[in-house]
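Sequential numbering from 1 applies to the sequence shown in UniProt numbering.
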Amino acid sequence: MSSQLKVQDLRNALAERGLDTSGTKALLAARLDAYENEKPSKKRDASVLGDDIVNGAKKAKATFDGASVDKDINGYTISELRSALAEKGLSTSGNKKTLQSRLLEAVRGDNGCKKDNYTKHDADNGQEKKGKPVNKLKDELDGLSIAELRSSLAARGLSTAGTKKSLHSRLLDAIENRGGDDIGVNDDNDSNGKEDNKEEKIVVAIKKGKAVLDNYLPDQIKSRFHVLETDESIYDAMLNQTNVADNNNKFYVIQVLESDDGTGQYYVYNRWGRVGARGQDKLFGILSKDSAIREFEGKFLAKTKNQWSERQDFEPVRYQYTWIERDYDDEAENLDDKAKKAEEKPSIPKAPKESKLESRIAQFVKLICNIDMMKEQMMEIGYDANKMPLGKLSKATILKGYEALKKIAAVLEGSTTGSLERLSSEFYTVIPHDFGYKRMGNFVIDTQPKLKRKLEMVEALGEIQLATKLLQDEDEEDDPLYSSYQRLKCELEPLDQGSDEFNLVNEYLQNTHAKTHSSYGLEIVQIFRARREGEEERFMKFAKVNNRMLLWHGSRLTNWTGILSQGLRIAPPEAPVTGYMFGKGVYFADMVSKSANYCYASSSSPLGVLMLCEVALGEMRELQYSDYHADKLPPGKLSTKGVGGTEPNPKESKVLSDGVIVPTGKPVQKDAGRGALLYNEYIVYNVEQIRMRYVLEVKFNYRN
1 MSSQLKVQDL RNALAERGLD TSGTKALLAA RLDAYENEKP SKKRDASVLG DDIVNGAKKA
61 KATFDGASVD KDINGYTISE LRSALAEKGL STSGNKKTLQ SRLLEAVRGD NGCKKDNYTK
121 HDADNGQEKK GKPVNKLKDE LDGLSIAELR SSLAARGLST AGTKKSLHSR LLDAIENRGG
181 DDIGVNDDND SNGKEDNKEE KIVVAIKKGK AVLDNYLPDQ IKSRFHVLET DESIYDAMLN
241 QTNVADNNNK FYVIQVLESD DGTGQYYVYN RWGRVGARGQ DKLFGILSKD SAIREFEGKF
301 LAKTKNQWSE RQDFEPVRYQ YTWIERDYDD EAENLDDKAK KAEEKPSIPK APKESKLESR
361 IAQFVKLICN IDMMKEQMME IGYDANKMPL GKLSKATILK GYEALKKIAA VLEGSTTGSL
421 ERLSSEFYTV IPHDFGYKRM GNFVIDTQPK LKRKLEMVEA LGEIQLATKL LQDEDEEDDP
481 LYSSYQRLKC ELEPLDQGSD EFNLVNEYLQ NTHAKTHSSY GLEIVQIFRA RREGEEERFM
541 KFAKVNNRML LWHGSRLTNW TGILSQGLRI APPEAPVTGY MFGKGVYFAD MVSKSANYCY
601 ASSSSPLGVL MLCEVALGEM RELQYSDYHA DKLPPGKLST KGVGGTEPNP KESKVLSDGV
661 IVPTGKPVQK DAGRGALLYN EYIVYNVEQI RMRYVLEVKF NYRN
C-alpha cells in the first residue's frame, strides 16, 4: 500500500511516473494509488525518471500535426496527459477531463487556433501576462478533488477547513487576488507545509565537478547527472529572500543538470520553500542544452530582476530574491579522474592506522579540525548549514553580511534613519538563518547585544570558510590528523603536567577566575607551547617594547583552525565599529573567565580553547567608557586599556626572564572610581604586536 511508504519514497515514485510531487503524505499516497489503479494491464517501464515525460511528449508531438487532435488526446491516459502538459509548462492538476481540455486548448494554440483569450502560464513564474478568465478558473477548480483543493490551500498558508464548496471559493479568491496564480502549487510560496518534517533532512550531498547536486534530487538523477559547467558559468544558483514584516524567509534553488554519459540530456531543477524546510521541487526536461540554459537564465531573471550574465554586479531588488554567491573550489578534482583513482584502489578497505602525531596533539587537532562540530555550533546560533553548506559562502557574501550589520549599527547609533525590520531582512537574506515557522518579527536586530551576537556569527563564518579550504580532501589522506596539523603551520609542543611552565599557566588560570563568572569552573585538559610560522619574525620589531604582557584570548571552537593557521586578525572595513567597544582591534584580558566566556561552551559541549599571547602594549591610552573609534590612537600610544573595576593584584604579578609580565595575582578592587567595565580589556590595532605563546584545551565544569 502506498500509505506505508515514507514521504520521500512517495515523491520519488511519483516523480518516476511524471506525476505531481507536491502535497501532504495522504495526498501523495492517494495520487500514486490512483495512478496504479488506472494503469493499463500492460505496464510500461517507468524505472528511469523522465521516461513518462519523454514518451508523453513523443506521442503529443506525433498528434499535434495530425487532423484528429481531439480524438488522439481523448485516448491519452492521465499520466500521458500530465506528461504532455508538463512538457509545455502548464498545470498538471485536475481530473482527466480538465487535463484533456487544458492540453487540447494548448495544442490548438500551438497550431494557430483560437485560444479563447486563455494565456499560457509563464512556467513557474507565478504570474501570467493576462489573468485567466474567471469561468476558466472555476472550471479548473471544479475538476479538483477535496484533497487537491486542501493541498493547494495549505501551500498558500490558507485554512483547509470546510466543505468542498467553501474550499473551492477560498482557493478561487486566493488565485484571483494574486493576479492569475496557477492552480498548482505556487513555486514562490514560503511553504508552511508541515509535511516538511525533520526526518526528511537526512540527505546525502553528492559533488561532481565544482558544484554539489541539490540534496533532494531523486537518487536516480544524482547517479546519472551533474551540474552543467561551461567556460563562463556554473549553472547553479542559490537564492534567498527574507522579509521580516511579512514573515517571509524563503529560498529558491536553480540548477541545470547534464547527463554524465555525454548523451546530451539536460534537465532544469527548481526547489523552493521556507528556509530550514525541504520545500517543493520541480524537474523540467528532457531539454536541449540551449533550452535548459534559457530556462535557467529566465528563472534567475524572474526571481531576482538581475541578468545571470551580469551576476558579478548583482544589485538586490526589494521584494525579490537575492543571489547568494557560493565559493566554488577552483581545485576541484575532475569526476573522471576521481573515478579512475577509485578503480585503481584495492577493493579491500584499508584498516585505519594510528596517526604519527603525538597522541595529545592528535586529540587536540581532532577537536578543532572537525567540520561536523562547526556545522553543529553554527546551527545552534541559527545559521542554516543545510541550505548553504559551511565554507561554501564566498568571501564576498560574508563581507555583504558585515555591510548589512553596518547599516543596522548606524541606525542604532542614531547617525542615520531606516527601518530595522527592512535592514534585518537584508542581513537574513544574505546570511541564511533557519527560524523554522517562528514569527520573523521576533528576530529583528534592534539592540546592541543582538548586533554583537550576529557580528560574532559572521566572524565565525569567515573563520570556517578558511578552515574548510584548509581541511578539504583531508579524508583522502592516509593520516588525516597529521595532514590537518601540517596545514595549520603552527607548531604545538605539549607541556608536561608539573613542569614550571605548566604550573605558571595553571596558577594564572586558577587565580584570575572572576567571582561574577561563578556558573562554571575551568579545568586544564592540556597545554601546548605554540609557535606560528612567520609570527616570530614579524614580532621582532616589538620584542624590546616596554610593557609586554601575557594575556588571555578566547574564541569559539569553530574559529581555532583559522586562528592557528592565520593568526588573530582585525575585523574588515565592512564590519560596523559599534560591535567593538574600543574600535576594531584584537582584544585580550587579564582575567581568564572574561576570555573564557567567548568560548561559548555549554554543559552539553563543555570543551573550549584559550590562548595566552605575548602582547606588546607599550604606552596605553586608558579609557573607562566605550569609544568606538579608539583605534585612532594619540601619538606615542601603542594600545588601549579599557579600565575595569577589578584586576589581578599588580603586586603579585610575575616577570619572565625576557621581561614579559604575567598578571597572576588574585583579583582586587581598584581604589579609583569605576567606569563601565568590571574587568580590564587590552586592545591592539596592529597584529604584529601579538605573538602566540600557549594554547590551552580546557573543560568547563558547570555548577547546578
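In this text, a Cβ means the ideal position worked out from N, Cα and C, and glycines have one as well.
Residue i, enclosing beta strand (DSSP E) - first and last residue
i	result
I683	E681 to V684
P606	Taken as a continuous stretch (DSSP letters only), P606 belongs to no beta strand (DSSP E), as it is neither H nor E.
W552	R548 to S555
T242	D236 to N243
R531	Y520 to R532
T640	S639 to G642
F225	F225 to V227
K623	The sequence given here has Leu at residue 623, not Lys. Where L623 is concerned, the enclosing beta strand (DSSP E) stretches over M620 to L623.
P667	P667 to Q669
Which of helix, strand or coil DSSP assigns to residue i
i	result
N649	coil
V592	helix
T263	coil
E697	strand
P576	coil
E688	helix
D9	helix
K541	helix
H433	strand
N334	With a pLDDT of 36 at N334, under the threshold of 50, the modelled position of that residue is not reliable, and the figure given next carries that caveat. Three-state DSSP puts N334 in coil, outside helix and strand.
K250	strand
V586	strand
F284	strand
A211	strand
R278	coil
A571	coil
G414	coil
E258	strand
A676	coil
T322	strand
A601	coil
F612	The sequence shown places Leu at residue 612, not Phe. In the structure shown, L612 sits in a strand (DSSP, three-state: E or B).
L85	helix
S191	Caution applies to S191, whose pLDDT of 44 falls short of 50 and renders its modelled position unreliable; the value that the coordinates give is listed next. S191 falls in the coil class under three-state DSSP.
R703	coil
Contact under 7 Å by Cβ, residue i with residue j
i	j	result
G583	A630	yes
L568	V545	no
D549	L617	With the sequence shown as reference, residue 549 is identified as Met, and Asp is not the correct amino acid for it. Yes, the Cβ-Cβ distance between M549 and L617 is below 7 Å.
M581	Y679	no
G401	V365	no
F276	D434	Going by the sequence as given, residue 276 is Gly instead of Phe. Closer than 7 Å, so yes.
V695	A530	yes
M692	C613	yes
T416	A409	no
S626	L481	no
G645	K666	no
Y369	S484	Before going on, a small fix: residue 369 reads as Cys here, not Tyr. The answer is yes: Cβ separation under 7 Å.
S639	M611	no
Q255	V227	yes
I324	T242	no
F225	S259	yes
Limits of the alpha helix (DSSP H) - the one that residue i falls within
i	result
K438	Note, K438: premise wrong, no alpha helix (DSSP H); not H, not E.
S484	P480 to L488
R360	S359 to I368
F502	D500 to N511
T468	Q448 to L471
G659	No alpha helix (DSSP H) contains G659, which DSSP labels as neither H nor E.
E315	Careful: E315 lies outside any alpha helix (DSSP H) and carries neither H nor E.
Q566	W560 to Q566
Proximity test, residue i beta-carbon vs the ligand ZN heavy atom, cut-off 6 Å
i	result
C599	Among the components of this structure there are no ligands whatsoever, and the ligand ZN is therefore not found.
Rounded Cβ spacing between residue i and residue j (contact assumed at less than 8 Å)
i	j	result
L504	I524	Actually they are not in contact, since the Cβ atoms of L504 and I524 sit about 12 Å apart, beyond 8 Å.
A648	N506	Checking the sequence shown, residue 648 turns out to be Pro, not Ala. No, P648 and N506 are not in contact; Cβ-Cβ is about 15 Å, not under 8 Å.
L470	T558	Contact flag wrong, Cβ pair sits at about 13 Å.
L677	V615	Actually they are not in contact, since the Cβ atoms of L677 and V615 sit about 18 Å apart, beyond 8 Å.
K641	Y682	6 Å
The stretch 538-548 in contact with the stretch 440-450 per 3-pair CB rule at 8 Å | No contact exists between the stretch 538-548 and the stretch 440-450.
The stretch 298-305 in contact with the stretch 275-283 per 3-pair CB rule at 8 Å = no
Touch test, the stretch 417-426 against the stretch 459-468, Cβ-Cβ under 8 Å, three pairs minimum = no
Count the C-beta pairs between the stretch 559-578 and the stretch 482-491 that are closer than 8 Å, then say yes if the count reaches three, no if not.
-> yes
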